[in-house]
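Comments concern the structure below.
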Amino acid sequence: MKILGLALIIVGWLIPVLALAFTSSNSARLILSLVGIGVTLVGILGVLNKAHLKHAIWKQ
Numbered sequence: 856m857k858i859l860g861l862a863l864i865i866v867g868w869l870i871p872v873l874a875l876a877f878t879s880s881n882s883a884r885l886i887l888s889l890v891g892i893g894v895t896l897v898g899i900l901g902v903l904n905k906a907h908l909k910h911a912i913w914k915q
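Take my numbering: the final residue in the sequence shown is number 915, and no numbers are missing along the way.
The structure is reproduced here in structure tokens:
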């Protein structure tokens with residue numbers, strides 16, 4: 856799960872970076888940046904947080 860979360864974070868970061876090369880439209884860049892932020896937040900708050908809480912130190 857941690858590797859999946861890290862992969863989502865990296866993909867979420869790459870989406871807006873690659874959008875700079877693929878399009879010159881500001882609205883398309885804005886939309887792709889918001890999609891990238893969403894993917895990154897899902898990776899951080901959804902996947903990594905659940906994986907951390909599953910093996911949290913206070914649950915031992």
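Where a beta carbon is used, it is the ideal one built from N, C-alpha and C, also for glycine.
Taking Cβ positions, are residue i and residue j nearer each other than 8 Å?
i    : j    : result
L863 : V894 : yes
L887 : I865 : no
M856 : K905 : yes
L896 : G860 : no
Does DSSP put residue i in a helix, in a strand, or in coil?
i    : result
A911 : coil
S882 : helix
Going by CA-CA distance only, name the one from the options that's closest to residue i.
i    : options             : result
V872 : G901, L861 and L885 : L885
W868 : A911, I899 and H910 : I899
For residue i, does the count of other Cβ atoms within 10 angstroms reach 16, so buried, or fall short, so exposed?
i    : result
G901 : exposed
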